[in-house]
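**Q** Before we start, here is the structure in question, set down as structure tokens.
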Amino acid sequence: KTDRGRVYILYGNPDEIERSPADSQTKAYQIWRYFSIEQGVDFIFVDRSGYGSLELVHSTKRGELKDELWERFLQ
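FYI, this note's numbering numbers position 17 of the sequence shown as 20, with every residue one higher than the one before it.
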């Protein structure tokens, strides 16, 4: 029922997860990396609401949500 759950079901456990907690300047986010898909893809999830619900805001995977300006959601 979540973006991370959907990505996990479709693509499995990520090879690497980069976690960045919220601070006074930015919101929390995670970058899930898969090295064996399409020569490496990233899925970027941001806690846009500030309540711990991470939403997919950008991916380098073909056919997935793509937003090159995703960093604006960290403000």
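By construction, the Cβ of each residue, glycine as well, lies at the ideal position given by its N, Cα and C atoms.
For clarity, every value in this text was computed on a predicted model and none was experimentally measured.
Determine, for glycine 66, whether the minimum Cβ-Cβ distance to residues of chain D falls below 8 Å.
**A** Here chain D cannot be found, since the structure has a single protein chain.
**Q** Count the other CB atoms, across all protein chains shown, that sit within 10 Å of the CB of leucine 59; report buried if there are 16 or more and exposed otherwise.
**A** The residue is buried, with at least 16 neighbouring Cβ atoms inside 10 Å.
**Q** What's the call for phenylalanine 48, buried or exposed, on a 16-neighbour Cβ count within 10 Å?
**A** Buried, since its Cβ has 16 or more Cβ neighbours within 10 Å.
**Q** To the nearest angstrom, report how far apart arginine 65 and tyrosine 11 are at their CA atoms.
**A** Going from the Cα of arginine 65 to the Cα of tyrosine 11 covers about 16 Å.
**Q** Report the partner residues of aspartate 45 according to the DSSP bridge assignment.
**A** Aspartate 45 is bridged to Arg36.
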